[in-house]
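Each remark here refers to the structure printed beneath this line.
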């Protein structure tokens, strides 16, 4: 298979996160939006966010109140870097160069993949979020 099946642009169609006890939560909302790209040179970028994040009252990019900034930051994850595929494990690893969550910069984020028609489902390894371990299940649909 190689990277050919990954290469393209994908839009988010479903996003849910599972606590280890099975409880499902939606940290980016049940109607989360996002885009994911993989190119043939081995680079990728992903953005996922709540569509209902409130605007800053000031209208100034750098002058949100502490509360506005927290809500905006908590409602988005975006990162970019290189990627590699392990077909045997059914995993794609995102080798992060930049990320809105500083702790992930320079890290490897493993996503387990499944393809079905024009859809790509990525499942995360457990991620610490809100004091709990969550497994994300993200369904992407090819748009290009």
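Residue numbers (our numbering): 1469 to 1612. Glycine included, every Cβ here is placed at the ideal spot set by N, Cα and C.
Per the coordinates, the alpha-carbon of residue 1552 lies some 19 Å from the alpha-carbon of residue 1587.
Put simply, the backbone Cα of residue 1555 is about 37 Å away from that of residue 1520. Contact between the region 1525-1543 and the region 1479-1488 is absent: fewer than three C-beta pairs spanning the two stretches fall below 8 Å. Just so you know, the alpha carbons of residue 1594 and residue 1511 end up roughly 23 Å apart. Residue 1610 has 1478 as its beta-bridge partners, per DSSP. In this structure, DSSP gives residue 1473 a helical state, which the three-state scheme calls helix. Proximity to residue 1508 across 1473, 1528, 1529 and 1491 peaks at 1473, based on C-alpha coordinates. For residue 1585, the closest of 1516, 1611 and 1558 by C-alpha to C-alpha distance is 1611. Restricting attention to 1479, 1517, 1522 and 1528, the CA atom closest to the CA of residue 1494 is found in 1517. A straight line joining the alpha-carbon of residue 1560 with that of residue 1525 spans about 40 Å. If you draw a 10 Å sphere on the C-beta of residue 1598, you find fewer than 16 other C-beta atoms in it, and that means exposed.
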